[in-house]
Amino acid sequence: MGKKLDNVEGILGAYGPNFQGNSFNAQTANIRTGEIMQKVHHCNDNDCNGKAATKACYLKLHRAFCLAPIVDDGKDSPTFNQVVICGRSFNVKSPGGCGQHAYGEDHNFDIRAAKNAWPMPKVTWQQRFNDFKAEHDSMMALRVEKQELADRKATMTANQRNKYEQTDKMEQENKRGPIGCFQGSTSVKWQDRKDLSTMTAPKEAPDAPMMKRKDAKAYKKQQRTIFRMDQARAEAEMRRDQEEKAKEAAELAPRKEAKKGKTAGGNRFLSRFGKR
Ligand SMILES: [Zn+2]
Ligand SMILES: [Zn+2]
Ligand SMILES: [Zn+2]
């Protein structure tokens, strides 16, 4: 007999050791930090009707711990500055979620869907988490890179710095894609790309007669979010391909092209942006 909790892929791993075994405290306020509430948690599920929550409430998804990705800002935390789950306890029935991550903002929808046995094509929280983490990690890497650069520049002679800045400028130019956008820009019109032309947005929620109107609306919104996420991933992949190709082309280009000087480079730069 499966517990409803088991229908949310990866949730036990996310809850971690604080949820395991008999040591679990039903007054846990945050499963990640292990923080305990002074007062008893109440379960507002119809089955429990305000009784004190137990572990069974978490297994039946009456209550859950928030799976929204956040950057850990606990200075003493072993995961400080890393991406972690929020972890706060909340009543699954409450639209406000954990208090900071409401359903209306697409958080913890997998939990709600599993609780109500809605048909979900796939669990989305892990993908969200990974996307959020990738973004955070690359931002941190960039920050480190910038600092290293500043350190290096500080020890350079004026001559070295000049030479360095010229090379850097060329590199930056090569990083701009051939489709007229900066790296990381979302201005690419994905509809214009043949490979993506088969992607169509879902229009209707699937047959789910038990779903309340409000829930059906939320369900549809979630489907659109999944679609947007797929779209963004496909777009990013395509951009990476194009950047790689542009880089290869630049490496293969004869060196005299680069030696033509500022004007040629300048024109190339401007024509990419359509400003003449
Ligand atoms: Zn309470
Ligand atoms: Zn309960
Ligand atoms: Zn939360």
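By UniProt numbering, the letter at position 201 of the sequence shown is numbered 201, and the numbering carries on one by one without gaps. Don't be surprised by glycine CBs; every beta carbon is placed ideally from N, CA and C.
Three-state secondary structure (DSSP) of residue i
{"i": "residue 132", "result": "helix"}
{"i": "residue 52", "result": "strand"}
{"i": "residue 28", "result": "strand"}
{"i": "residue 9", "result": "coil"}
{"i": "residue 189", "result": "For residue 189, the predicted model reports a pLDDT of 38, less than 50, meaning its position is unreliable; a value from the coordinates is still stated below. Residue state, collapsed to three classes: coil."}
{"i": "residue 144", "result": "helix"}
{"i": "residue 159", "result": "helix"}
{"i": "residue 18", "result": "helix"}
{"i": "residue 89", "result": "strand"}
Assigned exposure category for residue i - 16 Cβ within 10 Å defines buried
{"i": "residue 61", "result": "buried"}
{"i": "residue 124", "result": "buried"}
{"i": "residue 80", "result": "exposed"}
{"i": "residue 180", "result": "Per-residue confidence for residue 180 stands at a pLDDT of 37, beneath the threshold of 50, marking its modelled position as unreliable; the derived number appears in the next sentence. That one is exposed."}
{"i": "residue 142", "result": "exposed"}
{"i": "residue 128", "result": "buried"}
{"i": "residue 240", "result": "exposed"}
{"i": "residue 85", "result": "buried"}
{"i": "residue 36", "result": "exposed"}
{"i": "residue 47", "result": "exposed"}
{"i": "residue 110", "result": "buried"}
{"i": "residue 34", "result": "exposed"}
{"i": "residue 97", "result": "buried"}
{"i": "residue 112", "result": "buried"}
Residue span of the beta strand (DSSP E) that contains residue i, given as start and end
{"i": "residue 253", "result": "Counting along the chain, residue 253 falls outside any beta strand (DSSP E), and DSSP gives it neither H nor E."}
{"i": "residue 102", "result": "Element bounds for residue 102: n/a, residue is neither H nor E."}
Span of the alpha helix (DSSP H) around residue i
{"i": "residue 113", "result": "109-115"}
Opposing strand residues paired with residue i [DSSP bridges]
{"i": "residue 83", "result": "71"}
{"i": "residue 226", "result": "DSSP lists no partner for residue 226."}
{"i": "residue 64", "result": "90"}
task: Examine the Cβ distances between the stretch 48-66 and the stretch 77-96 and report whether three or more of them are shorter than 8 Å.
output: yes
Three-pair Cβ contact test at 8 Å for the stretch 142-153 versus the stretch 100-107
no
**OP:** Specify whether the stretch 106-119 and the stretch 213-223 touch according to this definition: at least 3 beta carbon pairs, one from each stretch, less than 8 Å apart.
**Re:** yes
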